Amino acid sequence: MRVLVTGGTGKTGSAVARGLRARDVAVTIGSRHPRGPDQVRFDWADPSSHDAALAGVDAVYLVTPAMDPEPDRLMVPFIDRALARGVRRFVLLSSSAIDARAPGIGAVHAALQARAPEWTVLRPSWFMTNFADPQHALGSGIRNERAFVSASGQGRIAFIDPEDIAAVAVATLLAPANADLILTGPEALSYDEAAAILSEVLGEPVVHRPIAVDEWCARLTAAGMPTEYAAMLGALEQAIAGGAEDRVTDEVLRRTGRPPRSLREFARAAFAL
Ligand SMILES: NC(=O)c1ccc[n+]([C@@H]2O[C@H](COP(=O)([O-])OP(=O)(O)OC[C@H]3O[C@@H](n4cnc5c(N)ncnc54)[C@H](OP(=O)(O)O)[C@@H]3O)[C@@H](O)[C@H]2O)c1
Numbered sequence: 001m002r003v004l005v006t007g008g009t010g011k012t013g014s015a016v017a018r019g020l021r022a023r024d025v026a027v028t029i030g031s032r033h034p035r036g037p038d039q040v041r042f043d044w045a046d047p048s049s050h051d052a053a054l055a056g057v058d059a060v061y062l063v064t065p066a067m068d069p070e071p072d073r074l075m076v077p078f079i080d081r082a083l084a085r086g087v088r089r090f091v092l093l094s095s096s097a098i099d100a101r102a103p104g105i106g107a108v109h110a111a112l113q114a115r116a117p118e119w120t121v122l123r124p125s126w127f128m129t130n131f132a133d134p135q136h137a138l139g140s141g142i143r144n145e146r147a148f149v150s151a152s153g154q155g156r157i158a159f160i161d162p163e164d165i166a167a168v169a170v171a172t173l174l175a176p177a178n179a180d181l182i183l184t185g186p187e188a189l190s191y192d193e194a195a196a197i198l199s200e201v202l203g204e205p206v207v208h209r210p211i212a213v214d215e216w217c218a219r220l221t222a223a224g225m226p227t228e229y230a231a232m233l234g235a236l237e238q239a240i241a242g243g244a245e246d247r248v249t250d251e252v253l254r255r256t257g258r259p260p261r262s263l264r265e266f267a268r269a270a271f272a273l
């Protein structure tokens, strides 16, 4: 079996590639900037790169093109091309906030459901790595000011470690679920509660400042995010404030045999100096 891992240089994809290799599964990593023998040039926006990436491939891990509000325009034709070449199995990284009725990535989910013989859609909650990534607004705020903002008030999110998402991806690349799986960490936390955990781990106060959603979106666009994508994330912040993400599922344990990592455990590892 050979798996094409799109997004294979990113957070979940690199862990998926590692997990597959540990199980003696051959891996092709698709990247816009390939480095090394197992990587091929793959750009969602350049269909001429797609056939070579699919050479000898039996299954595909699908990560959307970055910050594209309509990823279905590029991804659905790719899935059709892969199916025509005999690929049977797909695992799509989506989001807990999006189902198959939603436009954009929801349409990719719907296409897999309708056309792929073996498929799984992973719908993870928000990533714990957002708190530690200097490229992310949360991570840079914590690193530079020991403070971060949100527009989700006291709404709770069951933050998840991308390593746990990757472990479920590996499990479902080997044994498809033919279902969408909502993946969460072990506990739903407000950003105030997350800040308290980070304060304890870092040994100094980390402050969460709630702000209005318009200001929150304006900060993202000022930092270079496309307006439409920032507006979509802003709508998700409001949904969180209303309780949409206040839930915990047991899918990580069910699919991998081990419980998901807590934010405290993640932070101890991520902030260890
Ligand atoms: N952060 C969260 O809280 C959260 C929550 C739920 C869902 N998600 C979803 O998670 C996904 C991101 O996954 P991740 O964190 O594993 O990835 P990531 O670390 O953000 O890395 C993005 C990956 O996508 C690849 N990529 C980006 N644009 C591409 C293009 N045009 N063509 C080919 N490859 C492209 C990059 O590869 P190269 O640069 O090597 O080409 C890179 O490997 C997004 O769909 C996001 O919506 C995130």
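Counting in UniProt numbering, the sequence shown runs from 1 upward without gaps.
All C-beta atoms in this analysis are idealised placements derived from N, C-alpha and C, irrespective of residue type, glycine included.
Note that the structure is predicted; figures quoted are calculated from it, not measured.
Does the beta carbon of Phe131 fall short of 6 Å from some heavy atom of ligand 1?
-> Indexing the sequence shown from 1 puts residue 131 at position 131. Answer for Phe131: no, Cβ out of range of ligand 1.
Please report the residue range of the beta strand (DSSP E) in which Asp180 lies.
-> Locating residue 180 in the sequence shown gives position 180, counting from the first residue. Asp180 -> beta strand (DSSP E) spans 179-183.
In terms of DSSP beta bridges, what is Leu189 paired with?
-> By 1-based counting over the sequence shown, the position of residue 189 is 189. Residue pairing by DSSP places Leu189 opposite Ile157 in a beta bridge.
Is DSSP giving Trp216 helix, strand or coil here?
-> Sequence index remark: in the sequence shown, residue 216 carries index 216 (1-based). Helix, per DSSP.
Kindly identify the DSSP beta-bridge partner or partners of His208.
-> Position 208 of the sequence shown holds residue 208. Paired residue(s): Phe148.
Where does Thr227 land, buried or exposed, given buried means 16+ other C-beta within 10 angstroms?
-> Taking the first residue of the sequence shown as 1, we reach residue 227 at position 227. Counting Cβ neighbours within 10 Å, Thr227 comes out exposed, since fewer than 16 surround it.
What does Glu118 pair with, by DSSP beta-bridge criteria?
-> Taking the sequence shown and counting its residues from 1, the one referred to as residue 118 is at position 118. Paired residue(s): Arg89.
Note down, in chain order, each residue of its chain lying with its Cβ closer than 6 Å to the Cβ of Asn130, except the 5 sequence neighbours on either side.
-> Here residue 130 is taken as the residue at index 130 of the sequence shown, counted from 1. Cβ neighbours of Asn130 beyond the five flanking positions: His136, Leu138.
Thinking C-beta only, is Ser94 closer than 7 Å to Thr184?
-> The residue given as residue 184 occupies position 184 in the sequence shown. The residue given as residue 94 occupies position 94 in the sequence shown. Against a cut-off of 7 Å, the Cβ pair of Ser94 and Thr184 comes out as no contact.
Closest by CA to Glu204, which one among Glu145, Ala66, Gly242?
-> Locating residue 204 in the sequence shown gives position 204, where the first residue counts as 1. The shortest Cα separation from Glu204 among Glu145, Ala66, Gly242 belongs to Glu145.
Consider the C-beta atom of Thr9 and the heavy atoms of ligand 1; say whether any pair is separated by less than 6 Å.
-> On the sequence shown, position 9 is the one that residue 9 refers to. Thr9: yes, Cβ under 6 Å from ligand 1.
Sequence-distant residues of the same chain with beta carbon closer than 6 Å to Tyr229, five excluded per side = The residue you call residue 229 lines up with position 229 of the sequence shown. Met67, Pro69.
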